[in-house]
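Participant: Dropping a structure here in structure tokens format, bear with me for questions.
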Amino acid sequence: MGETAVKICGLQDVEVLKSMVNLPVDYIGFVFAPSRRRVTPEQAALLAAQLKAWQTPEIPQSVGVFVNPDLEELAAIMDQAQLDVVQLHGQESPQFCREVKERLGTRVFKVLSVQSLNENSEASINHERYAGVIDGLLLDTFDPVYGGGSGSTFAWEEIPAYRDWARTQGIPLFVAGGLLPSNVAELINKYSPDGVDVSSGVESDGVKDIDKIAAFVGRVKQA
Numbered sequence: 008m009g010e011t012a013v014k015i016c017g018l019q020d021v022e023v024l025k026s027m028v029n030l031p032v033d034y035i036g037f038v039f040a041p042s043r044r045r046v047t048p049e050q051a052a053l054l055a056a057q058l059k060a061w062q063t064p065e066i067p068q069s070v071g072v073f074v075n076p077d078l079e080e081l082a083a084i085m086d087q088a089q090l091d092v093v094q095l096h097g098q099e100s101p102q103f104c105r106e107v108k109e110r111l112g113t114r115v116f117k118v119l120s121v122q123s124l125n126e127n128s129e130a131s132i133n134h135e136r137y138a139g140v141i142d143g144l145l146l147d148t149f150d151p152v153y154g155g156g157s158g159s160t161f162a163w164e165e166i167p168a169y170r171d172w173a174r175t176q177g178i179p180l181f182v183a184g185g186l187l188p189s190n191v192a193e194l195i196n197k198y199s200p201d202g203v204d205v206s207s208g209v210e211s212d213g214v215k216d217i218d219k220i221a222a223f224v225g226r227v228k229q230a
């Protein structure tokens, strides 16, 4: 496989975004779901415009993160913010994912929340329903309140089955959940995901920290 992709999620600040201009980041996520990292469509449009103005050979793809959105609301936000990818983090059905793709003509990443091995995991029985529908699969730690974004890791031993399935579909597998500069290289070396997704792991006091972002990206690209 090629180099592991990096997704930094939950960006809110233009100055932090500007400071990332020379980092090899592949995706930047903007959260529209209820969260302390939530942005308005207006904020996301400004951030995405800043991103597209980067004078770099490779500009990161912009991702809108939603949890069980209404299709009309999602379409309005994506039209205003002009983002590249829709990431669905709730219980969205394969049919809804298909409708989003048909309506917006955009790529759709589906998040599956993975519970610990000693609990029943809905994800393990659901992922095959999305065959031929989604453009990327992202595994995150199950969180009963938000569904993800918990800052905790899940049982990485579950990754290979999802990774192998994603490869049969020709789509990338991303892993999120409790990733840090200190543990991401281990994840990559043991389980070879196509991409990694981080939010709280590159924050200090709840705010994105450019030094932590740079350290995380460096560890990923060196792994």
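For what it's worth, my numbering labels the leading residue of the sequence shown as 8, then goes sequentially. Glycine is no exception: its CB is placed at the ideal position from the N, C-alpha and C atoms.
1. By how many angstroms is the C-alpha of Leu194 removed from the C-alpha of Lys215?
2. For Lys25, collect the residues of the same chain with a Cβ closer than 6 Å to its Cβ; drop the 5 residues on either side in sequence, then sort them by chain order.
3. Do the stretch 170–178 and the stretch 204–223 make contact, defined as three or more Cβ pairs closer than 8 Å?
4. Would you decide whether Arg226 is buried or exposed? Buried here means 16 or more other CB atoms lie within 10 Å of its CB.
5. Within 10 angstroms of the Cβ of Thr160, are there 16 or more other Cβ atoms? Answer buried if so, exposed if not.
6. Kindly list the residues whose CB is nearer than 7 Å to the CB of Ile178, restricted to its own chain and excluding five residues on each side of it in sequence; keep chain order.
7. Would you mind sorting Glu99 into buried or exposed? The rule is 16 or more other CB atoms within 10 Å of its CB.
8. Are the Cβ atoms of Val203 and Leu186 separated by less than 7 Å?
9. Need the endpoints of the beta strand (DSSP E) that Leu144 sits in, please.
10. When you compare only the Cα positions, how much space is there between Ala55 and Ser69?
11. Starting from the C-beta of Pro222, find all residues in its chain whose C-beta is less than 7 Å away, skip the five residues before and the five after it, and write them out in chain order.
Facilitator: For this structure:
1. Taking the sequence shown and counting its residues from 1, the one referred to as residue 215 is at position 208. Taking the sequence shown and counting its residues from 1, the one referred to as residue 194 is at position 187. Taking the straight line joining both Cα atoms gives about 22 Å.
2. If you number the sequence shown from 1, residue 25 lands on position 18. Closer than 6 Å at Cβ, skipping near neighbours: no residue.
3. no
4. To locate residue 226, count along the sequence shown from 1; it is residue 219. When all chains shown are included, Arg226 counts as buried.
5. Along the sequence shown, one-based indexing puts residue 160 at 153. So Thr160 ends up on the buried side.
6. To locate residue 178, count along the sequence shown from 1; it is residue 171. Cβ neighbours of Ile178 beyond the five flanking positions: Ile141, Asp142, Gly143, Leu144.
7. On the sequence shown, position 92 is the one that residue 99 refers to. Buried is the call here.
8. Translated into the one-based positions of the sequence shown, residue 203 becomes position 196. Translated into the one-based positions of the sequence shown, residue 186 becomes position 179. Yes, they are a contact pair.
9. Numbered from its first residue, the sequence shown carries residue 144 at position 137. Segment 143–148, the beta strand (DSSP E) holding Leu144.
10. In the sequence shown, counting from the first residue as 1, residue 55 sits at position 48. In the sequence shown, counting from the first residue as 1, residue 69 sits at position 62. Their Cα atoms are separated by approximately 7 Å.
11. Residue mapping note: residue 222 aligns to position 215 of the sequence shown, counting from 1. Looking at the sequence provided, one finds Ala at residue 222 rather than Pro. So the qualifying residues of the chain are Pro188.
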